[in-house]
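Under this note's numbering, the first residue of the sequence shown carries the number 23, and numbering increases by one thereafter.
The structure appears below as C-alpha cells.
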Amino acid sequence: MQRNLAGSVKPNLSLSALMERDLLEQRDRAQRQDQVALFTTPNYAEAEQALIMLLQVHNLDENLDQHTRLQTVFENAVAVALTIAYSNEYQSDVAHRFLHRILYRINRLKFFWYDDLNHYTNERSLYMQTIRNQIEAAWQAWELSQLDVASLKRADVVETLRDWSAADLDPALSETGRYFQDDMTLAGYRKMLEIASLDGLVEASQLSLTLGGVANEIHSVMTRLLVEEYGAGKLARKHSTYFATMLSDLGMSTEPEAYFDAVPWEVLATINHSFLLSERKRDYLRYAGGLLHTEISVPAGFSPYHAAAERLGLSADAMSYWTLHIKVDKLHGRWMLDEVALPLVERYPDDAWELLLGYAQQKFMGDRACEAVARAAKLADGEG
Ligand SMILES: [Fe+2]
Ligand SMILES: [Fe+2]
Numbered sequence: 023m024q025r026n027l028a029g030s031v032k033p034n035l036s037l038s039a040l041m042e043r044d045l046l047e048q049r050d051r052a053q054r055q056d057q058v059a060l061f062t063t064p065n066y067a068e069a070e071q072a073l074i075m076l077l078q079v080h081n082l083d084e085n086l087d088q089h090t091r092l093q094t095v096f097e098n099a100v101a102v103a104l105t106i107a108y109s110n111e112y113q114s115d116v117a118h119r120f121l122h123r124i125l126y127r128i129n130r131l132k133f134f135w136y137d138d139l140n141h142y143t144n145e146r147s148l149y150m151q152t153i154r155n156q157i158e159a160a161w162q163a164w165e166l167s168q169l170d171v172a173s174l175k176r177a178d179v180v181e182t183l184r185d186w187s188a189a190d191l192d193p194a195l196s197e198t199g200r201y202f203q204d205d206m207t208l209a210g211y212r213k214m215l216e217i218a219s220l221d222g223l224v225e226a227s228q229l230s231l232t233l234g235g236v237a238n239e240i241h242s243v244m245t246r247l248l249v250e251e252y253g254a255g256k257l258a259r260k261h262s263t264y265f266a267t268m269l270s271d272l273g274m275s276t277e278p279e280a281y282f283d284a285v286p287w288e289v290l291a292t293i294n295h296s297f298l299l300s301e302r303k304r305d306y307l308r309y310a311g312g313l314l315h316t317e318i319s320v321p322a323g324f325s326p327y328h329a330a331a332e333r334l335g336l337s338a339d340a341m342s343y344w345t346l347h348i349k350v351d352k353l354h355g356r357w358m359l360d361e362v363a364l365p366l367v368e369r370y371p372d373d374a375w376e377l378l379l380g381y382a383q384q385k386f387m388g389d390r391a392c393e394a395v396a397r398a399a400k401l402a403d404g405e406g
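Written as C-alpha cells, this is what we have:
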C-alpha cells in the first residue's frame with residue numbers, strides 16, 4: 023500500500039529538533055510494534071469456529087449473554103485482525119483472510135442455499151450486522167485510500183467511461199495472463215477452478231439483490247442481464263451450470279463452497295465488495311460501474327483460461343464456461359455501457375463520478391485477485 027507521503031514532510035526545524043523528532047517517531051513505532059506483537063497470534067481458526075457456533079445459536083441477539091466465551095474469543099480476534107490488516111505497518115495476509123472469511127460467512131446468509139432452514143436463524147441478527155459493519159468500515163476506508171478519488175471527481179465521466187471500456191475490452195496480454203495461457207499446468211488449472219468456483223457456482227446472484235424497485239429502461243436492461251445469466255429460467259443454460267459442468271468434467275466437486283479453504287482473501291474481498299454494494303442503494307452507481315467493468319473485461323480476462331484449457335487438451339464441455347462468456351460478455355458489456363452507465367450519467371449528473379469509482383475499484387480489486395489466483399496456481403504447479 024502507498025504510504026501517505028504528505029504526512030512525512032517535515033516543517034523547518036533545527037537539526038537537533040529533527041533528530042529528536044525522528045527518535046520519538048522511532049520510539050512510537052517500536053511501541054506500536056510491541057503492542058501488536060503482544061497480540062499478533064490470535065487463534066483465527068478458533069475464532070472463526072466461534073463465529074460459526076454463534077451463528078447457530080437460536081435467537082442470538084437475545085441469548086448472546088449465555089455465550090460470552092465464544093463472543094470474547096471471536097471479538098478479540100476481530101479487534102486484533104482489524105489493527106493488523108489495515109494499518110500501514112502491520113499488514114498481514116492471515117489477518118486479511120480471517121476478516122474476509124468472517125464477512126463472507128455473514129454475507130452468504132443473503133443467498134438461499136437450499137440447506138437446513140435453521141442455518142438462517144440469525145440472518146437479520148443485529149449483533150452480526152454490527153460485526154459486519156465494523157469490519158466493513160475499516161476495510162472500505164483502507165480500500166478507498168488506495169485510489170485517487172479526487173481525480174475521479176474531476177474527470178469527464180462519459181469520455182472516461184468510453185475510454186476505459188474500449189481499453190479493457192481489448193487490452194494487451196499481461197504477464198499474469200501470459201502465465202495462465204502458456205505455462206499453467208493441469209494442477210494449476212484445477213487450483214484456479216477451485217478458487218473461481220466459490221463465485222462461479224452462484225454467478226450473478228448479487229445482481230438479483232439490486233433489481234427490486236421501480237420500472238424504467240435501466241431497470242429493464244439490468245433485469246435482462248440477470249435473466250441471461252440465469253439461463254432464461256432453464257437450469258441447463260444457467261451460467262453457473264456451465265461452471266459445474268467444467269468442474270465435473272475434471273472429476274471435481276460441484277458442491278457450492280466445497281473449495282472455500284482454497285480461496286485467497288483477495289478473491290473473497292471482491293465477493294464481499296459485491297455483497298456490500300449490491301445491498302446499498304446509495305451505492306447503486308458504484309455497483310453499476312463495477313458491473314460494467316466486470317462484463318467488459320471478462321472476454322479478455324477469460325481468454326487465457328480458454329487457451330490453457332485447449333493447450334491442456336480438455337474437452338469442449340470442460341471449457342464451455344469460458345467459451346460462452348468470451349462471446350456473451352461482449353454483448354453484456356455493451357448493454358452495461360450504452361443502456362445502463364451512460365443513461366445513469368444523465369439521470370444523476372452530480373453523482374455520475376461514482377460510476378468511475380465503482381469501475382476503477384472493481385478493476386483494482388479484480389487485478390489484485392487475479393494476481394492472487396496466479397500465485398496459488400503457480401504453487402499448485404510446483405506441487406502437481
Ligand atoms: Fe455469466
Ligand atoms: Fe455476463
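Beta carbons are placed, not taken as given, at the ideal position from N, Cα and C, and that holds for glycine.
It should be emphasised that the depicted structure is a prediction, and the values quoted were computed from it without experimental measurement.
Can you tell me the Cα-Cα spacing of residue i and residue j, whole angstroms?
| i | j | result |
| --- | --- | --- |
| D185 | L364 | 13 Å |
| G235 | R302 | 13 Å |
| L272 | L195 | 27 Å |
| L334 | M358 | 33 Å |
| T232 | E317 | 16 Å |
| S325 | Y252 | 22 Å |
| A117 | I293 | 17 Å |
| D360 | H347 | 19 Å |
| P64 | V367 | 46 Å |
| V350 | Y306 | 23 Å |
| A331 | M341 | 6 Å |
| C392 | L401 | 14 Å |
| N34 | S114 | Its pLDDT being 45, under 50, N34 is placed unreliably by the model, and the measurement read from it follows with that caveat. Looking at the two C-alpha atoms, the distance is approximately 36 Å. |
| H328 | A101 | 42 Å |
| E239 | P321 | 25 Å |
| Q162 | K132 | 20 Å |
| L336 | M150 | 43 Å |
| Y201 | Q88 | 52 Å |
With respect to 7 Å, is the separation between the Cβ of residue i and the closest non-hydrogen atom of ligand 1 below this value?
| i | result |
| --- | --- |
| H328 | no |
By the three-class DSSP mapping on this structure, what secondary structure does residue i have?
| i | result |
| --- | --- |
| N324 | According to the sequence provided, residue 324 is Phe. The question's Asn does not apply to it. Here F324 sits in helix by DSSP. |
| S300 | helix |
| F134 | coil |
| D178 | coil |
| D339 | helix |
| R119 | helix |
| N129 | helix |
| D403 | helix |
| D95 | It should be noted that the sequence gives Val, not Asp, for residue 95. Three-state DSSP puts V95 in a helix. |
| S109 | coil |
| T263 | helix |
State the CB to CB distance for the pair residue i and residue j, rounded to an integer number of angstroms; the pair is presumed to be in contact (CB under 8 Å).
| i | j | result |
| --- | --- | --- |
| A396 | T198 | 5 Å |
| Y343 | M274 | About 13 Å; that fails the 8 Å criterion. |
| F120 | E70 | 7 Å |
| L220 | F282 | 6 Å |
| F297 | N144 | The pair is not a contact, with the Cβ atoms about 16 Å apart (cut-off 8 Å). |
| Y381 | G312 | 7 Å |
| Q383 | L169 | 6 Å |
| V362 | A310 | 6 Å |
| D403 | G210 | 4 Å |
Got a sec: does ligand 2 put a non-hydrogen atom nearer than 7 Å to the Cβ of residue i?
| i | result |
| --- | --- |
| H354 | yes |
| E251 | yes |
| D190 | no |
| E111 | no |
Could one say the Cβ of residue i lies closer than 8 Å to chain B's Cβ atoms, at least one of them?
| i | result |
| --- | --- |
| Q151 | Chain labels in this structure do not include chain B; a single protein chain is all it has. |
Cβ contact check for the stretch 201-209 and the stretch 244-260: 3 or more pairs under 8 Å: Because the criterion of three Cβ pairs below 8 Å is not met, the stretch 201-209 and the stretch 244-260 do not touch.
Do three or more CB pairs link the stretch 151-164 to the stretch 119-126 at distances below 8 Å? yes
So does the stretch 89-108 actually touch the stretch 236-248, counting three or more Cβ pairs closer than 8 Å? no
Does the stretch 215-233 come close enough to the stretch 173-192 that 3 or more CB-CB pairs lie under 8 Å? No, the stretch 173-192 is not in contact with the stretch 215-233.
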